[in-house]
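K.L.:
Take a look at the following structure, please.
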Amino acid sequence: MAKAVGMIETLGPAASIAVADAMLKSADVMLVKQEEVSQALYTILVEGELSAVQAAVETGKRIAEKLGALIAFQVIANPDEGTRKLF
């Protein structure tokens, strides 16, 4: 099991794809899922070692901000199994 999960919420599918691509290229993380949460709101969820997840979320955050699409971001270190069921 991964030691950390990270997520970014963005506006729009194009921004979501650009952010996910940057996150995956910037650190050794795995894409858990990318989904449309509501009309125009997308969530990208990655997992991996804490330092890698932090780096990926930081990179994704910068890209989303540059595109004017950042809604929210979060890193959870060592998530509880109950929390993992939410993914």
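Be aware that the sequence shown starts at 1, since it is given in UniProt numbering, and climbs by one per residue.
For every residue, glycine included, the Cβ atom is placed at its ideal position computed from N, Cα and C.
1) I'd like the span of the alpha helix (DSSP H) that includes residue 6, first residue to last.
2) Rounding to the nearest angstrom, what Cα-Cα distance links residue 69 and residue 57 in this structure?
3) So, helix, strand or coil for residue 25, using DSSP?
4) What's the C-alpha gap between residue 23 and residue 83?
5) Identify, in the order they occur along the chain, each residue of the same chain with its Cβ nearer than 7 Å to the Cβ of residue 64, setting aside the five sequence neighbours on each side.
P.N.:
So, from the listed chains and residues:
1) Premise fails: residue 6 lies in the beta strand (DSSP E), 4-11, not in any alpha helix (DSSP H).
2) 14 Å
3) helix
4) 22 Å
5) 8, 10, 15, 19 and 70
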